[in-house]
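Peer 1: UniProt numbering puts the first residue of the sequence shown at 1, with every later residue one more than the last. Where is the CB? At the ideal position from N, CA and C, for every residue including glycine. Quantities reported herein were computed from a predicted structural model and do not represent experimental measurements.
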Amino acid sequence: MLQFRIFVSKNIMKYSYILLLLFIFCKKNSNLEDNQVFEEISVRKQNIFIIDIGDDDYSYMGGRLRFRENLIKMVDRIKKLKPSVIYINNSFLIFDKRDEKLFSEKLNRGLATISTFDLNGSEKEENFTDEVKGQIGKIIKGKFNDYDGEYYGFNGISFPPIEIINKSKAICSSKYYLNEKNQVEFIYPYNRYENYLFENCPFTVVNEFLNLYQLKVALDENEGRIALYMRKNGRMKKIKYLKNETKNEHNVMTIKFSKFRKLSGKEFLENDGIRVDPGYIFIVNPLDISFKVSGDKSAPNSEVFASMVYTLLDLVSQKEFW
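1) Give the list of continuous alpha helix (DSSP H) stretches no shorter than 4 residues that lie fully inside the region 41-96.
2) Find out if the Cβ-Cβ distance for the pair Lys169, Ala227 is shorter than 8 Å.
3) Give the DSSP-derived three-state secondary structure of Ala306 in the structure shown.
4) Three or more C-beta pairs under 8 Å: does that hold for the region 108-124 against the region 152-168?
5) Just to confirm, is the Cβ distance from Lys106 to Ile50 under 8 Å?
6) Buried or exposed: which applies to Ile140, given that a residue is buried once 16 or more other Cβ atoms fall within 10 Å of its Cβ?
7) Run through the region 147-200 for me and flag every whole beta strand (DSSP E) of 3 or more residues, listed as ranges in chain order.
8) Quick one: is Glu270 buried, meaning 16 or more other Cβ sit within 10 Å of its Cβ, or exposed?
9) Exposed or buried, Phe305, counting other C-beta atoms within 10 Å across all chains shown (16 or more means buried)?
10) Between Asp288 and Phe67, what straight-line distance do the alpha-carbon atoms span, to the nearest angstrom?
11) Using the Cα positions of Pro300 and Asp76, report the straight-line distance between them to the nearest angstrom.
12) Could you name the residues of the same chain whose beta carbon sits closer than 7 Å to that of Thr311, not counting the 5 residues immediately before and after it, in chain order?
13) Provide the residue(s) that pair with Tyr229 in DSSP beta bridges, ordered along the chain.
14) Report the three-state DSSP secondary structure of Cys26 (helix, strand or coil).
15) Only counting the same chain, and skipping five residues up and downstream in sequence, which positions put a Cβ closer than 6 Å to that of Tyr60?
16) Report yes if the CB atom of Ile162 is closer than 8 Å to the CB atom of Glu131, and no otherwise.
17) Could you tell me if Thr246 is buried or exposed, where buried requires 16 or more neighbouring beta carbons within 10 angstroms of its beta carbon?
18) Mind reading off the beta-carbon distance from Asn285 to Asn108? Whole number of angstroms is fine, and I expect it under 8 Å.
19) Identify, in the order they occur along the chain, each residue of the same chain with its Cβ nearer than 6 Å to the Cβ of Arg261, setting aside the five sequence neighbours on each side.
20) Any idea if Phe198 is buried or exposed, counting beta-carbon neighbours within 10 angstroms, 16 or more meaning buried?
21) Does the beta-carbon of Asp314 have 16 or more other beta-carbons within 10 angstroms, so that it is buried, or is it exposed?
22) Can you tell me the Cβ-Cβ gap for Tyr177 and Leu119, rounded? I've got them flagged as a contact below 8 Å.
23) What's the gap between the Cα of Cys172 and the Cα of Leu102?
24) Can we count Thr129 as close to the ligand ZN, meaning its CB is less than 7 Å from some heavy atom?
25) Going by the beta-carbon positions, is the gap between Phe279 and Asn47 smaller than 8 Å?
26) Less than 7 Å between C-beta atoms, sequence neighbours within five positions excluded: which residues of the same chain meet that for residue 361?
27) Is the separation between the beta-carbon of Lys79 and that of Ser317 shorter than 8 Å?
28) Check whether the Cβ atoms of Leu81 and Val276 sit closer than 8 Å, and answer yes or no.
29) Give me the residue from Asn248, Tyr87, Asn182 and Asn166 with the minimum Cα distance to Asn207.
30) CB-CB under 7 Å to Phe92, same chain, minus the five flanking residues each way: which ones, in chain order?
Structure follows, in structure tokens:
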């Protein structure tokens with residue numbers, strides 16, 4: 001009987017040791033894979049291509065209908081370069097029911113685009129219908145919250161037609177906030193309208209890029225901090241917190257400004273020799289404005305937005321846990 005107990009005990013220890021080795025091996029492989037993912041993101045974080053549409057480009061691309069035709073042509077050219085994300089920094093608010101369906105289908109065929117809606121101070125709601133509200137948390141990146149405050153609130157909201165929304169990859173709100181020196185310094189994750197929190201567009205663009213790696217950046221509501229999550233077995237697992245700070249009770253990230261490949265709309269449409277590696281993030285920017293940034297410098301709207309995307313990807317790629 002004693003010999004039997006010793007035999008069982010030895011076998012339990014043997015199999016426990018084997019299971020421990022298997023666990024260590026799997027954990028090591030998992031960490032190795034995670035490190036490889038972060039290294040790849042670090043290499044690719046600079047792969048952002050800007051197309052700025054200025055006054056000269058508007059003259060070249062024509063009036064509203066002709067402009068839309070040229071915009072579709074531009075987006076089709078981008079798609080041939082096999083991008084990971086196409087972001088159009090524009091809200092398609094002025095619309096004609098006769099051509100919205102066809103325009104949205106052509107713009108989003110093959111690879112759907114990300115574009116914006118408008119939060120403002122007009123005290124008006126435009127096209128904020130029940131059908132549009134039904135897309136919040138789906139195509140429209142946002143969520144309902146039953147509390148007021150925390151993030152800066154707007155009292156006006158305008159959405160593009162539902163035909164545009166339904167065909168898009170995502171619709172988000174793009175807002176910059178100025179510090180006490182009237183500079184754009186930080187990235188804010190959300191913008192608020194009444195009891196809705198809408199994802200700021202740099203987060204939407206980054207999350208679309210991170211889909212390839214089953215990753216997502218989002219707010220940990222329990223801790224009030226921005227965290228990186230990984231999708232495993234159908235569930236989102238928190239990997240780490242991103243390095244951030246608190247300003248005026250807001251969880252923010254300091255922008256790390258950089259330079260990126262850039263062409264004008266006309267240059268891009270006329271140049272047949274453009275070559276980029278697959279997987280670039282393309283930013284199409286029709287807003288020809290600039291902002292003050294640190295160091296008493298100014299930066300075009302497109303570079304500010306691209307730097308926000310770059311900063312978030314840089315924070316994601318860091319191996320440190322915060």
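Peer 2: In brief:
1) 55-61 and 64-80
2) no
3) Ala306: helix per DSSP, three-state reduction.
4) yes
5) no
6) buried
7) 156-158, 170-173, 190-193 and 196-199
8) By the neighbour-count rule (16 or more Cβ atoms within 10 Å), Glu270 is not buried but exposed.
9) So Phe305 counts as buried.
10) 16 Å
11) 25 Å
12) Hits under 7 Å: Ile187, Met253, Ile255 and Lys256.
13) Lys216 and Lys238
14) Caution is warranted here: a pLDDT of 44 is assigned to Cys26, below 50, making its placement in the model unreliable, and the coordinate value is therefore given only provisionally. Looking at Cys26 - three-state DSSP - the assignment turns out to be helix.
15) Within the same chain, Tyr60 has close Cβ partners Lys266.
16) yes
17) exposed
18) With 8 Å as the limit, Asn285 and Asn108 do not qualify as a contact, their Cβ atoms being about 18 Å apart.
19) Phe49
20) buried
21) Residue environment analysis places Asp314 among the buried positions, since at least 16 neighbouring C-beta atoms fall within 10 angstroms of its C-beta.
22) Rounded, the Cβ-Cβ distance is 12 Å, inconsistent with contact.
23) Here the C-alpha atom of Cys172 lies approximately 22 Å from the C-alpha atom of Leu102.
24) Of the ligands one can find in the structure shown there are none, so the ligand ZN has no counterpart to examine.
25) Inspection of the sequence shows that residue 279 is occupied by Gly rather than by Phe. Yes, the Cβ-Cβ distance between Gly279 and Asn47 is below 8 Å.
26) Coverage of the chain is limited to positions 1 through 322, which leaves residue 361 absent and any answer about it impossible.
27) no
28) yes
29) Tyr87
30) Ser115, Pro160 and Ile164
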